[in-house]
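Contents: one structure, followed by commentary.
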Amino acid sequence: GSDLDAATKAKLDRGARIVELFKQQQYQPKSLPVMVISLYAMQKGYFDDVAVDRIKECQGKLEEYLDTRKAPLLEKLANEKALDNVEADIKSALDDFKASWK
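So for the sequence shown, our numbering puts the first residue at 96; every next one is plus one.
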């Protein structure tokens, strides 16, 4: 066993989730807007309560949600040079998604 404090363990757990987030199926790359939102969600703690072995499932559902219900946000994000103009929309979309995903 290891004697890690809670903050260190949380950082390591988040790191493991990020590694899972970056794994992509061969010939099925994620779009840049989806990756930006996924990384934003990870950095802001939206996935902290998701088990590492369910990150890919959660990200897949998030991508499906964004594609079907938030397409204008993805388009806006693809055309923006900075997150500042879309950050509130990203937060709102992530809050809605997290409320529906179990």
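The beta-carbon is built from N, C-alpha and C at its ideal position, and this holds for glycine as well. Remember, it's a predicted structure, so these values are computed and weren't measured experimentally.
What residue from Gln154, Phe117, Arg164 has the CA that sits closest to Ser187's CA?
Arg164
Validate contact between the stretch 148-156 and the stretch 168-184 using beta carbons, cut 8 Å, 3 pairs:
no
Could you check if Glu170 is buried or exposed, using at least 16 other CB atoms within 10 Å of its CB as the buried criterion?
exposed
Measure the CB-CB distance between Tyr141 and Lys193 and report whether it falls below 8 Å.
yes
Over what stretch of residues does the alpha helix (DSSP H) that includes Val147 continue unbroken?
Careful: Val147 lies outside any alpha helix (DSSP H) and carries neither H nor E.
Residue burial classification, Ala146 (beta-carbon count within 10 angstroms, cutoff 16):
exposed
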